[in-house]
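Q:
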Amino acid sequence: MKKCLAVSTLSAALLLAGCQSVNTTSGGAVGVERKQYMFSMLSSQEVDQMYAQSYQQTLGEASGKGLVDKSSANAKRVQAIAKRLIAQAPTFRPDAAQWKWEVNLIKSDEMNANCGPGGKIFVYSGLITNLKLTDDELAAVMGHEIAHALREHGREAMSKAYGIEMAKQGAGALFGLGQDSLALADTVANYGMTLPNSRSNENEADLIGLELAARAGYDPNAAITLWNKMSKASEGAPPEFMSTHPASDSRIASLRAAIPKVMPLYKPR
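In the UniProt record's numbering, the protein residues as written are 1 to 269.
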């Protein structure tokens with residue numbers, strides 16, 4: 001217990017020493033105002049570049065297998081919905097207008113979707129077909145994922161991982177160079193980009209995604225029907241999306257409470 005406490009204390013000290021407070025987004029109508037701390041030696045540009053390389057590798061592998069869908073009706077739906085949502089992203093952070101956004105539909109039974117740092121989006125066809133998503137529900141999913149990128153939740157997770165890993169390796173790792181630092185960076189990148197988001201991060205993505213969808217002309221109430229579908233799907237073999245985005249009564253209640261805040265922004269198209 002004492003050892004765990006010592007590691008935890010050292011981790012916190014190192015993390016605070018190497019972190020800076022940032023405001024990644026404005027609060028919007030939904031009022032997301034939580035202060036975030038990012039590792040000062042890990043810039044947004046570095047994280048974006050790391051993820052872009054991973055995204056291109058995954059895209060290349062899928063393309064080589066003929067799994068990148070550019071022409072189906074669902075592919076056109078994904079592109080059209082993404083275009084409208086992306087147009088609203090600068091509401092929360094103006095620099096998102098200069099991001100190199102990419103959107104791709106992957107032919108797969110996997111029920112998943114994600115938007116990585118810098119605006120790199122994957123949607124897997126199984127999510128759409130197996131859950132029979134409407135445009136409004138698909139916008140809720142994609143808005144939620146875009147919100148994670150806008151809030152830089154990936155970089156935030158990596159920043160926390162640096163504190164943990166540095167505590168394990170000792171304070172010297174904070175300024176270390178060479179192979180040990182490379183190994184540390186690799187561990188942190190894998191940790192930060194693969195672990196589920198925290199409950200607070202999920203709530204932020206729910207709220208910002210809800211507002212993005214409303215501003216883009218998609219019915220905010222679809223977020224409720226989406227998560228009801230997700231919850232029902234999880235009763236059997238849960239979709240991959242559910243492993244990092246668990247549905248719950250409290251999540252749906254939070255969305256219901258936020259819908260009146262964004263309804264004035266919703267103009268059906």
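For every residue, glycine included, the Cβ atom is placed at its ideal position computed from N, Cα and C.
All values reported here derive from a predicted model rather than from experimental measurement.
Measure the C-alpha to C-alpha separation of Ser44 and Arg269 and round it to an integer number of angstroms.
A: 34 Å
Q: Using DSSP's beta-bridge definition, name the partner residues of Glu102.
A: Lys120
Q: Please tell me whether, using a cut-off of 7 Å, the distance from the CB of Ile81 to the nearest non-hydrogen atom of the ligand HEM is below it.
A: This structure lacks the ligand HEM; in fact it carries no ligand of any kind.
Q: Which residues in the same chain as Asn74 place their Cβ atom closer than 8 Å to its Cβ, once the five residues preceding and following it in sequence are excluded?
A: Leu105, Ser125, Ile128, Thr129
Q: Please list, in chain order, all residues of the same chain as Ser254 whose beta carbon is under 8 Å from its beta carbon, the five residues on each side excluded.
A: Asn203, Asp206, Leu207
Q: Specify the secondary structure class of Met158 as computed by DSSP and reduced to three states.
A: helix
Q: Determine the closest residue to Lys76 out of Lys65, Glu46, Val123, with distance taken between C-alpha atoms.
A: Val123
Q: Does the beta-carbon of Asp219 have 16 or more other beta-carbons within 10 angstroms, so that it is buried, or is it exposed?
A: buried
Q: Considering only residues of the stretch 23-74, which uninterrupted alpha helix (DSSP H) runs meet the minimum length of 4 residues and lie entirely inside it, listed in chain order?
A: 44-64
Q: Please check the pair Gly116 and Tyr51, which I expect to be a contact at CB under 8 Å, by giving their CB distance rounded to whole angstroms.
A: For Gly116 against Tyr51, the beta-carbon gap comes to about 4 Å, under 8 Å, which counts as contact.
Q: Quick one: what's got a C-beta closer than 7 Å to Phe175's C-beta in the same chain, skipping five residues either side?
A: Its pLDDT being 45, under 50, Phe175 is placed unreliably in this model, and the coordinates cannot settle the point.
Q: Would DSSP call Ser198 helix, strand or coil?
A: It is coil, neither helix nor strand.
Q: Output yes or no for whether 8 Å exceeds the beta carbon distance between Asp69 and Lys35.
A: Judged by their CB atoms, Asp69 and Lys35 are not nearer to each other than the 8 Å cut-off.
Q: Going by C-alpha distance, which of Ala257, Ser250, Leu138, Gly119 is nearest Gln56?
A: Gly119
Q: Distance, Cα to Cα, Ser71 vs Ile81?
A: Linking Ser71 to Ile81 through their CA atoms gives a straight-line distance of about 15 Å.
Q: List the whole-angstrom C-beta distance separating Ser28 from Phe92, where the pair is believed to meet the contact cut-off of C-beta under 8 Å.
A: Inspection of the sequence shows that residue 28 is occupied by Gly rather than by Ser. Their Cβ separation, rounded to whole angstroms, is 6 Å, which keeps Gly28 and Phe92 in contact under 8 Å.
Q: Quick one: what's Ser21 bridged to in DSSP?
A: For Ser21, which the question treats as bridged, DSSP gives the partners Tyr37.
Q: On the three-pair Cβ rule with 8 Å, is the stretch 96-105 touching the stretch 223-236?
A: no
Q: Using DSSP with H/G/I as helix, E/B as strand and the rest coil, what is Phe175?
A: Any answer about Phe175 is weak, because its pLDDT of 45 lies below 50 and its placement is not dependable; what the coordinates show is given next. Three-state DSSP puts Phe175 in coil, outside helix and strand.
Q: Helix, strand or coil for Asn203? Go by DSSP, reduced to three states.
A: Helix.
Q: Nearest-angstrom Cα distance between Leu210 and Asn112?
A: 18 Å
Q: According to DSSP, simplified to helix, strand and coil, what is Ala216?
A: coil
Q: Going by Cα to Cα distance, which pick from Ile86, Leu133, Leu67, Arg199 is closest to Ala149?
A: Ile86
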